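Undergrad: Going by the UniProt record's numbering, the residue at position 107 of the sequence shown is 107; the numbering climbs one at a time, nothing skipped.
Structure provided below as structure tokens; questions to follow.
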Amino acid sequence: MAEELKMTDVPNLKGVTVGKFASKNIHEGSKIESDNARSYKKPLAQKYFHVFETYDSESGQLNWTHKVISNFKAMIMGTYHGNEKIHTALYAAEYCYKFNRRKLGNSAYLRLLAALVQ
């Protein structure tokens with residue numbers, strides 16, 4: 001299961017776009033596990049420990065990824081139905097905030113500390 005989630009909207013999945021997202025959001029030297037998409041290989045190989053493989057759709061290896069995406073879609077459709085796509089990045093930020101704070105529980109102190117550190 002994912003420890004922390006970061007999502008945003010991107011115009012495409014070209015290598016340049018993936019590289020920009022990674023450099024803004026992922027620490028250099030971090031381990032990244034992904035599928036075998038060509039657009040990931042070159043930009044991620046330069047600054048990250050990139051492990052990639054071709055996933056079998058029947059194996060269930062990406063169940064958490066699919067669950068996170070489907071829950072995000074359900075949140076948008078249930079809460080923000082009818083709103084424009086220009087706000088997708090804000091919706092993603094809200095969803096990630098809620099997802100990431102689940103491990104902090106109800107402790108206001110821990111949530112405040114986590115917010116200050118970020």
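Using N, Cα and C, we set each Cβ at its ideal position, and we do this for glycine too.
Quick caveat: nothing in here was measured; it's all calculated off a predicted structure.
1. Shortest alpha-carbon distance to Asn71 belongs to which of Ala45, Lys98 and Tyr48?
2. Using the C-alpha atoms, what's the distance from Lys24 back to Leu90?
3. By DSSP, does Glu28 sit in helix, in strand, or in coil?
4. Answer yes if the segment 39-48 comes into contact with the segment 56-71, meaning at least three C-beta pairs across the two stretches below 8 Å, and no otherwise.
5. Could you give the uninterrupted runs of the alpha helix (DSSP H) lying entirely in the UniProt domain "ISXO2-like transposase" (6-100), keeping only those of 4 residues or more?
6. Assuming Thr8 and Ala92 are in contact, meaning their beta carbons sit under 8 Å apart, how far apart are those beta carbons, in whole angstroms?
7. Round the Cβ separation of Tyr55 and Gln61 to the nearest angstrom and send it over; I've been treating them as touching at under 8 Å.
8. Buried or exposed: where does Leu112 fall if 16 or more other Cβ atoms within 10 Å of its Cβ makes it buried?
9. On a Cα-Cα basis, can you pick out the residue from Arg101, Leu110, Thr88 and Leu116 that is closest to Pro11?
10. How about Ile32 and Leu44: do their beta carbons lie closer than 8 Å?
11. Can you tell me where the alpha helix (DSSP H) holding Arg111 begins and where it ends?
TA: In brief:
1. Counted from its first residue, the sequence shown places residue 71 at position 71. It is Lys98 whose Cα lies nearest to the Cα of Asn71.
2. Counting from one through the sequence shown, the residue named residue 90 turns up at place 90. Counting from one through the sequence shown, the residue named residue 24 turns up at place 24. Going from the Cα of Leu90 to the Cα of Lys24 covers about 17 Å.
3. Here residue 28 corresponds to residue number 28 of the sequence shown, with the count starting at 1. Three-state result, Glu28: coil.
4. No: fewer than three Cβ pairs fall under 8 Å.
5. Within the UniProt domain "ISXO2-like transposase" (6-100), the complete alpha helix (DSSP H) runs of at least 4 residues are 15-25, 38-47 and 63-79.
6. Here residue 8 corresponds to residue number 8 of the sequence shown, with the count starting at 1. Here residue 92 corresponds to residue number 92 of the sequence shown, with the count starting at 1. Correct: roughly 5 Å between the Cβ atoms.
7. Position 55 of the sequence shown, counting from 1, holds the residue named residue 55. Position 61 of the sequence shown, counting from 1, holds the residue named residue 61. With a beta-carbon spacing of about 5 Å, Tyr55 and Gln61 fall inside the 8 Å limit used to define contacts.
8. Within the sequence shown, residue 112 is the residue found at index 112, counting from 1. Looking at its Cβ environment, which holds fewer than 16 other Cβ atoms inside 10 Å, Leu112 is exposed.
9. Along the sequence shown, read from residue 1 onward, the residue named residue 11 stands at position 11. Of the candidates Arg101, Leu110, Thr88 and Leu116, the one whose C-alpha sits nearest the C-alpha of Pro11 is Thr88.
10. Counting from one through the sequence shown, the residue named residue 32 turns up at place 32. Counting from one through the sequence shown, the residue named residue 44 turns up at place 44. In this structure, Leu44 lies closer than 8 Å to Ile32 by Cβ.
11. Taking the first residue of the sequence shown as position 1, residue 111 is located at position 111. For Arg111, the enclosing alpha helix (DSSP H) covers residues Ala108 to Val117.
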